[in-house]
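Just so we're aligned, residue 56 is where the sequence shown starts under the working numbering, counting upward by one. The C-beta atom is built at its ideal place from N, Cα and C for all residues, glycine as well. Working notes, structure below.
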Amino acid sequence: MGDKKENSYSHILKYTGLFGSVQGLGILVGVLRNKFTALFLGPSGMGLLSLFSSTISVLSSACNFGIPASGVKFISEKEDAADESQSEKADIAGAVLLVRTYSLLAAFFGAIVCVLLGPLLNGFTFSWGNHTLHFILLAPTVFFTILAGGETAILKATGQLRALAMQASLLAILLLLVSVPVYWIFGERGILPVLFILAFMQWALNFRYSRRVVRWGVNMRKMTLVAGFPLLRLGGAFVLSGLMNSGCEFLIRAFLNQQGDLEVVGLFNAGITIVFVYAGMVFSVMDQDFYPRLSGISGSRKNEESVKERNLCVNRQLEMNVLLLGPIVAAIILGLPLIIPILYNAQFMGMLQMTQLAAVAMLFKAVYLPIEYLPLSRRFQTFSHSGKFLCNLADNL
């Protein structure tokens with residue numbers, strides 16, 4: 056009965072509403088933030104912000120050992136076992152300890168890689184000027200981004216969905232309060248400090264809630280590190296997936312900057328942001344609730360009952376995605392001529408047609424995204440990530 060309740064339309068709608076409302080708050084706050092950011096930075100400044108953000112994303116994805124995703128499944132399996140046997144609840148604390156230990160190691164690794172690759176990133180991304188120091192200064196941001204990913208995995212796996220929603224709401228408000236004054240005073244020079252403050256606040260808020268679930272601790276002993284090898288094996292495929300997805304976004308922005316300029320990058324990023332943010336009202340529930348729920352379904356893949364249960368879970372999520380996203384996409388397409396001047400300014404109207412086409416692509420994403428998680432939850436990562444890369448490439452193009 057519990058599993059059926061979790062896979063019901065009411066459960067899906069409940070948590071879609073929860074995270075959708077959080078996205079709604081994020082959108083309202085984002086309207087103000089985007090307006091002031093566009094005012095103080097302009098298209099070229101937003102292009103520079105986009106390049107640095109995508110650099111952080113690709114480095115974090117390459118160096119996080121896949122823990123933000125693999126940690127969810129690793130802990131979820133222990134959580135599911137603990138529901139059946141009280142004696143196995145100690146395994147949850149052990150799994151959380153491993154996730155935090157390897158998250159810390161990954162964070163240091165990511166920061167070091169960022170420093171070492173600074174000159175290479177500068178030459179690959181910019182055809183003018185020397186921004187090597189800027190890329191090196193992203194190292195602390197990469198560190199806290201990876202660290203925050205580990206704490207997020209703990210919250211997802213242990214079902215702390217309300218805590219995640221609260222964290223997202225607080226982060227959106229704090230980012231507005233911090234970024235607007237910094238951009239106003241420092242302009243483009245404030246981009247790196249804002250990115251660092253964002254990463255640090257995300258980690259701090261996640262840690263505030265996750266330590267209530269399991270007290271913080273790491274263990275660098277050889278025995279503990281060896282026990283975490285299954286986590287790393289599972290995370291290896293996620294690293295490849297993250298590298299494909301964030302790498303695709305980074306390459307597109309770097310190409311636009313090389314062939315055009317920062318203003319072109321800014322227009323592209325602004326258009327993609329509008330579509331992804333509004334569609335995110337539906338998609339935000341996928342990582343937060345759907346994937347942990349799908350991963351927690353017990354039984355082998357040959358068990359007929361488990362297969363039916365997984366299929367039911369995927370089909371209902373897919374159906375709900377399409378029903379909820381259809382009106383949102385229609386509103387975006389029809390309202391963009393009015394939305395763009397409100398969110399940004401008249402300088403950004405050049406992204407109108409591209410953004411309308413990108414909105415249509417979200418309907419396809421609503422269909423493939425639940426299916427994409429199915430092989431992933433059953434550890435068929437190669438198939439899942441290959442499809443994910445192709446779909447993300449299509450979305451960006």
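Residue i to residue j span [Cα, whole Å]
i, j, result
"residue 321", "residue 361", "46 Å"
"residue 398", "residue 407", "13 Å"
"residue 191", "residue 249", "15 Å"
"residue 455", "residue 114", "The requested residue 455 does not occur in the structure, where the chain is confined to residues 56 to 452."
"residue 128", "residue 379", "27 Å"
"residue 354", "residue 270", "Here residue 354 scores only 45 on pLDDT, less than 50, and its place in the model is too uncertain to base an answer on."
"residue 104", "residue 92", "10 Å"
"residue 303", "residue 216", "29 Å"
"residue 259", "residue 106", "25 Å"
"residue 311", "residue 319", "7 Å"
"residue 174", "residue 183", "13 Å"
"residue 193", "residue 305", "15 Å"
"residue 162", "residue 384", "37 Å"
"residue 180", "residue 245", "20 Å"
"residue 366", "residue 334", "24 Å"
"residue 232", "residue 177", "30 Å"
"residue 316", "residue 94", "19 Å"
"residue 51", "residue 224", "Because the chain in this structure spans residues 56 to 452, residue 51 falls outside the shown range and cannot be described."
"residue 155", "residue 289", "16 Å"
"residue 187", "residue 172", "9 Å"
"residue 419", "residue 426", "11 Å"
"residue 390", "residue 257", "32 Å"
"residue 297", "residue 291", "10 Å"
"residue 373", "residue 428", "11 Å"
Where the alpha helix (DSSP H) through residue i begins and ends
i, result
"residue 177", "173-180"
"residue 213", "Note, residue 213: premise wrong, no alpha helix (DSSP H); not H, not E."
"residue 264", "246-268"
"residue 313", "284-314"
"residue 190", "187-191"
Supposed contact pair residue j and residue i - C-beta distance, whole angstroms, cut 8 Å
i, j, result
"residue 387", "residue 414", "4 Å"
"residue 212", "residue 130", "3 Å"
"residue 123", "residue 204", "4 Å"
"residue 97", "residue 402", "7 Å"
"residue 330", "residue 377", "Incorrect: roughly 16 Å between the Cβ atoms, too far for contact."
"residue 112", "residue 294", "Actually they are not in contact, since the Cβ atoms of residue 112 and residue 294 sit about 13 Å apart, beyond 8 Å."
"residue 125", "residue 286", "6 Å"
"residue 202", "residue 158", "6 Å"
"residue 324", "residue 101", "6 Å"
"residue 85", "residue 332", "6 Å"
Which listed residue (the options) has its alpha carbon closest to that of residue i
i, options, result
"residue 266", "319, 206 and 425", "206"
"residue 392", "377, 120, 411 and 418", "411"
"residue 299", "230, 91, 121 and 277", "121"
"residue 301", "119, 229 and 95", "119"
"residue 197", "247, 282 and 275", "247"
"residue 152", "274, 295, 169 and 233", "274"
"residue 375", "264, 389, 337 and 366", "337"
"residue 349", "418, 86, 116 and 132", "132"
"residue 405", "237, 327 and 126", "327"
"residue 345", "311, 424 and 296", "424"
"residue 195", "272, 293 and 167", "167"
"residue 148", "268, 294 and 293", "268"
"residue 160", "85, 232, 200 and 175", "200"
"residue 234", "400, 418 and 89", "89"
"residue 261", "245, 272 and 209", "209"
"residue 417", "381, 426 and 428", "381"
"residue 169", "218, 297, 224 and 110", "110"
"residue 99", "372, 242 and 82", "242"
"residue 220", "264, 240, 252 and 370", "264"
"residue 146", "82, 279 and 87", "279"
"residue 309", "87, 82 and 108", "108"
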